[in-house]
Amino acid sequence: MNPARAAAIVDGARSAQELFAGDSPARVYRRLARALHPDLAPGGEEAFKRLVTLWETYRRGQRVGDFLVGPPLHKGGTAVLYPAGRGAERDSLLKVARDPAGGRLLVREAAALRRIAAEGDPRFLPYVPRLVASFRYRGGGVVRQANVISRAPAGFVTLEHVGTGLDPRDVAWIWRRLLVAAGLAHRAGVAHGAVLPRHVLVHPLDHGLVLVDWCHGDRLDERADIAGLTGCVDHLMGACPRRMRAFVRGCLLRPPSDAWELLRELDELLDDLYGPRTYRPLHL
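Take -5 as the starting number for the sequence shown in the numbering used here and just add one per residue.
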């Protein structure tokens, strides 16, 4: 990259987030710094100073609403996730729609999480994210919808990272908690709409679970949620007793609508097959 091109990029950036929005922010910085360093490109001092300032701002975080936001953590198809917090601790996630037109999905998610929090059983609320704030803000000349949600503690991974071929006893606690999360939402009149492995966070040792990304449920469809979570379970499970395989197949072919009743039936099956439940750490 020649100095003139690099200077134009830096001067044209409306924010640090815009300049370093790619998948490798550090690589972008190094590439621009090499092109603009005063020792190599006389006359580019001002652009180099602005580059350094923007990089420091990016690393330190920028303010969005009442929250201090760090560099992107994850870029999904719908939104970008940033660590966020009101103080030094980045204990929440800022979720910003990638496309301004996609803001309606985040509005839907905020409404779903509010309703679950208001009408759901407090004992089971940890199975869904907590909505901290929802607002619109202007960034880079564009108005976008943003949600701030609670951040899962360290140690949680998506089901995509758990693998396959698991012992049914190691899958059982994930299955049970997924049914609780679905039942919690359904009783509040909310459906998830996309129960997929990438939307399920689990803690292998603490047996925690959080069902995330509640922006897809445009209508209450309990059977679709139960079919989705059964598909997650089926993907994880290795060889299992014939009765359990038949139970899974039945839920996939004709998904029931009552997650709580299905949980009761599952518990009866697990008790018949394995006896009293015992703790089993899940080693990945």
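C-beta: ideal position from N, C-alpha, C; glycine also.
In terms of Cα proximity to N141, the closest of S86, L173, V184, V194 is S86. By DSSP's assignment, R138 forms a beta bridge with Y131. By the Cβ neighbour-count rule, D207 is buried, with 16 or more other Cβ atoms within 10 Å of its own.
A Cβ-Cβ distance of about 7 Å is found for the pair L34 and R28, placing them in contact under the 8 Å criterion. Less than 8 Å divides the Cβ of V196 from the Cβ of L153. Every alpha helix (DSSP H) stretch that sits fully inside the segment 36 to 69 and reaches 4 residues is listed by chain position as 39 to 54. Along the length of the segment 77 to 125, whole alpha helix (DSSP H) runs at least 4 residues long occupy 97 to 113, reported in chain order. Contact check between the segment 91 to 109 and the segment 63 to 76: three or more CB pairs, one atom from each, fall below 8 Å, which counts as touching.
When only Cα atoms are considered, G187 and C209 end up about 8 Å apart.
Separation of the CB atoms of V58 and Y131 is rounded to 6 Å, and the pair is thereby assigned contact status at 8 Å. Per DSSP, H193 lies in no beta strand (DSSP E) and is assigned neither H nor E. A Cβ-Cβ separation of about 19 Å leaves G159 out of contact with L190 under the 8 Å criterion. Remark: fewer than three beta-carbon pairs, one from each stretch, lie closer than 8 Å, so the segment 103 to 115 and the segment 45 to 60 are not flagged as touching. By a beta-carbon distance limit of 8 Å, L256 does not contact M238. Their separation comes to about 14 Å. Here V242 is buried: its Cβ has 16 or more other Cβ atoms, across all protein chains shown, within 10 Å. Residue environment for Y273: exposed (fewer than 16 other C-beta atoms within 10 angstroms of its C-beta). Between the alpha carbons of Y23 and I110 lies a gap of roughly 43 Å.
With respect to the 8 Å criterion, P162 and C234 are classified as neighbours on the basis of their beta carbons. Counting only residues of its own chain and dropping the five nearest sequence neighbours on each side, L276 has a CB closer than 6 Å to the CB of D164, P198. Annotated as distal: G183 and A253, with beta-carbon spacing of 8 Å or more. L203 is not a Cβ neighbour of L260, given a cutoff of 8 Å. Here L30 is near A1, since their CB atoms are less than 8 Å apart. Setting aside the 5 residues that flank it on each side, P(-3) is surrounded in the same chain by A29, L30, A35, G38, each with a C-beta closer than 7 Å to its C-beta; the list follows chain order.
If you keep only unbroken beta strand (DSSP E) runs of at least 3 residues inside the segment 218 to 264, you get nothing at all.
Rounded to whole angstroms, A179 and R145 show a C-alpha spacing of 19 Å. Between S128 and the set Y121, R138, D5, the nearest pair of CA atoms involves R138. In the DSSP annotation of this structure, the continuous segment of the beta strand (DSSP E) that includes G202 starts and ends at 202 to 205. If you draw a straight line from the Cα of F14 to the Cα of A20, it is about 8 Å long.
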